[in-house]
Amino acid sequence: MAFAFLPLSGEKNPETWNTRLTYFQEKLSPYYYTTSFEESGDLLEFSPQSRSGYFKVHFKNNMDHYLRFGIFNDKGEIWVSNSRNVSGFEEFEGIKIFFYGETDTDIVSKEYRNSSDKMWLLAGVGKQNKKVSFKYGISFISIEQAKKNLLKEIPEWDFEKVKKNAYAVWDKTLSQIQVKGGSDAQKRVFYTALYRSYERMVDINEYGSYYSAYDNKIHSSDTPFYVDNWIWDNYIALEPLHMILNPDREINQINSYIQMYKQGGYIPSFALATGDWPAMTGNFAASWIADAWHKGLRNFDLKTAYEGLRKNSLNATLIPWRNGPKTVLDDFYNENGYMPGLPPGERETVSTVDTVWEKRQSVSVTTANSYSDWCIAQLASELKLMQERDLFLKRAENYKNVFRAERGFMWPKDKRGNWIEP
């Protein structure tokens with residue numbers, strides 16, 4: 002998010018910091034957003050670029066006008082560096098998101114909600130200016146880089162040009178698929194879904210360099226570095242769709258995963274900008290990468306990708322919502338072919354396990370990793386590693402160990418090999 006932004010009108014008082022406005026006449030598209038505020042009548046417009054954005058405010062009265070900036074997360078600061086520049090940073094999950102912004106009119110007053118932390122700023126822009134614009138750049142590297150991103154993408158005070166550029170990007174993107182027939186409502190559903198398919202992944206390379214949370218370093222690179230892949234959700238349909246629509250982008254995303262492995266030591270689960278979030282179960286990057294390779298997307302280092310996937314399967318923990326070195330439960334899995342569950346009333350003995358929500362998930366872990374290992378076997382075959390192929394094909398049959406034939410269901414087992422009754 003980097004920062005919150007809200008235009009306000011009227012007399013300033015202690016409740017100004019808590020003011021919430023009612024949005025009406027909202028219009029939303031991929032390239033343009035606008036809304037009016039019921040309380041003030043003011044109108045807000047917004048249009049984005051890749052690493053920057055442009056707000057345009059239309060004030061409708063002769064009251065004092067303000068731009069309120071805020072940091073929602075635990076840490077951050079906002080500064081007014083001169084009469085027309087607002088900059089700062091937000092710290093979230095161990096990383097910093099920097100921003101640099103400019104107004105097209107002087108900031109005539111400034112006030113902090115709490116001067117000791119400078120997380121909320123009220124910038125006064127006077128009564129006379131009925132139209133006030135604020136454009137900004139964001140960066141994971143520095144405020145200076147955020148400024149460079151802004152000047153690269155929005156060098157002028159021309160809102161309509163920014164809007165036109167954003168429209169052109171999305172028009173080209175959504176025109177990849179042309180549909181015939183159907184109602185207008187059905188077309189809206191289709192193109193809305195196509196638009197949402199572009200939510201992830203996100204390239205955070207900032208014109209020649211990027212910050213990686215996987216080793217907490219800034220890297221020089223002219224190639225994209227993609228983050229924010231919720232692979233447990235995406236591998237089934239989203240990634241196969243973009244293998245058709247955007248094969249080069251898929252290759253760059255896989256290469257990003259390989260870089261993350263080199264930087265952090267493991268193939269990520271949910272590869273967020275803040276680092277690996279090992280949500281859910283399974284090693285589904287294996288499915289994604291195997292699918293891409295067998296569909297002819299091969300401009301990536303398969304050997305290194307395989308090395309990382311193999312490490313995740315054999316030497317990292319399979320415990321739900323965890324990543325890191327293997328535990329005694331993983332040794333058990335490697336030896337016995339299933340994740341042992343706990344019978345009712347038996348206390349957890351492995352500290353790595355989340356005892357509040359996720360538990361061990363005997364069936365989910367075993368079935369998910371059986372499929373992941375089958376995918377790894379296909380990659381081993383491509384690399385002519387036949388002994389390893391056979392190892393992973395054998396592991397791919399582990400799902401059979403949690404199938405209870407007389408019940409016709411997958412069923413958890415304990416460490417003694419007994420079915421766990423509810």
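With my numbering applied, the sequence shown has no gaps in its numbers, which climb one by one up to 423 at the end. Ideal Cβ positions, reconstructed from N, Cα and C, are used throughout, including at glycine. Note that the coordinates shown come from a computational prediction; the quantities given were computed from them, not determined experimentally.
Best match in the options for proximity to residue i [C-alpha to C-alpha]
| i | options | result |
| --- | --- | --- |
| Glu92 | Arg69, Lys111, Ser143, Pro49 | Ser143 |
| Arg390 | Leu315, Tyr258, Ser382 | Ser382 |
| Ile79 | Ala169, Thr350, Ser221, Ala124 | Ala124 |
| Thr224 | Asp204, Leu315, Leu45 | Asp204 |
| Asp415 | Asp374, Ser363, Arg396, Ala406 | Ser363 |
| Lys153 | Tyr168, Tyr137, Lys164 | Tyr137 |
| Pro49 | Ile139, Ile98, Ser82 | Ile139 |
| Asp234 | Tyr262, Met202, Ile259 | Met202 |
| Arg250 | Ala280, Tyr267, Asn230 | Asn230 |
| Pro345 | Pro413, Val351, Ala167, Asn19 | Pro413 |
| Trp18 | Glu347, Leu122, Arg361, Glu336 | Leu122 |
| Asp277 | Tyr196, Arg323, Thr193 | Arg323 |
| Leu22 | Phe38, Ser30, Ser10, Tyr32 | Phe38 |
| Phe100 | Thr328, Ala3, Pro321 | Ala3 |
| Gln129 | Ile108, Phe135, Ile290 | Ile108 |
| Glu398 | Trp420, Ser352, Asn335, Gly342 | Asn335 |
| Phe333 | Ala317, Glu347, Arg348 | Ala317 |
| Tyr32 | Asn115, Ile72, Gln146, Asp172 | Asp172 |
| Glu161 | Phe60, Tyr34, Met120, Leu310 | Tyr34 |
| Leu384 | Leu303, Gly418, Asp185 | Leu303 |
| Asn83 | Leu310, His59, Lys111, Phe404 | Lys111 |
| Phe226 | Val351, Asn115, Tyr211, Asp65 | Tyr211 |
| Lys459 | Tyr372, Gly54, Trp375 | Here the chain covers residues 2 to 423 and nothing more, so residue 459 does not appear. |
| Gln264 | Phe301, Lys360, Asn217 | Asn217 |
| Asp159 | Ile98, Val403, Ser221, Phe47 | Phe47 |
| Lys119 | Glu157, Gly77, Phe56, Lys164 | Gly77 |
| Gln146 | Leu273, Thr104, Ser88 | Ser88 |
| Pro321 | Thr353, Ala291, Ser41 | Thr353 |
Reduced DSSP secondary structure (H/G/I, E/B, other) of residue i
| i | result |
| --- | --- |
| Gly77 | strand |
| Ala238 | coil |
| Asn230 | strand |
| Asp204 | strand |
| Trp267 | In the sequence as presented, Trp is not what sits at residue 267; that position holds Tyr. In the structure shown, Tyr267 sits in coil (DSSP, three-state: anything other than H, G, I, E or B). |
| Met244 | helix |
| Val351 | coil |
| Val170 | helix |
| Thr36 | strand |
| Tyr55 | strand |
| Pro326 | strand |
| Ile320 | coil |
| Arg69 | strand |
| Tyr262 | helix |
| Ile377 | helix |
| Arg426 | The requested residue 426 is not part of the displayed model; the chain covers only 2 to 423. |
| Leu273 | strand |
| Ser41 | coil |
| Lys414 | strand |
| Ser222 | coil |
| Val180 | coil |
| Ser363 | helix |
Residue environment, residue i, which counts as buried when at least 16 other CB atoms sit within 10 Å
| i | result |
| --- | --- |
| Phe25 | exposed |
| Tyr307 | buried |
| Met387 | exposed |
| His295 | exposed |
| Trp358 | exposed |
| Ser117 | exposed |
| Pro326 | exposed |
| Ala169 | exposed |
| Asn370 | buried |
| Leu380 | buried |
| Pro8 | buried |
| Tyr208 | exposed |
| Glu240 | buried |
| Ser270 | buried |
| Glu94 | exposed |
| Val58 | buried |
Residue i - containing alpha helix (DSSP H), residue span
| i | result |
| --- | --- |
| Glu389 | 387–396 |
| Tyr192 | 185–197 |
| Gln50 | Here Gln50 belongs to no alpha helix (DSSP H), and DSSP marks it neither H nor E. |
| Ile421 | Careful: Ile421 lies outside any alpha helix (DSSP H) and carries neither H nor E. |
Where the beta strand (DSSP E) containing residue i begins and where it ends
| i | result |
| --- | --- |
| Tyr334 | Tyr334 -> not in any beta strand (DSSP E); alpha helix (DSSP H) instead, spanning 329–337. |
| Gln26 | 24–29 |
| Leu9 | 5–10 |
| Ser213 | 210–213 |
For the segment 89–167, which segments carrying the beta strand (DSSP E) assignment without a break, of at least 3 residues, lie completely within its bounds, in sequence order?
Taken in chain order, the complete beta strand (DSSP E) segments of 3 residues or longer contained in the segment 89–167 are 96–104, 110–113, 121–127, 132–140.
Length at least 3, wholly inside the segment 275–307: the beta strand (DSSP E) runs in chain order:
Segments of the beta strand (DSSP E) lying fully in the segment 275–307: 276–278.
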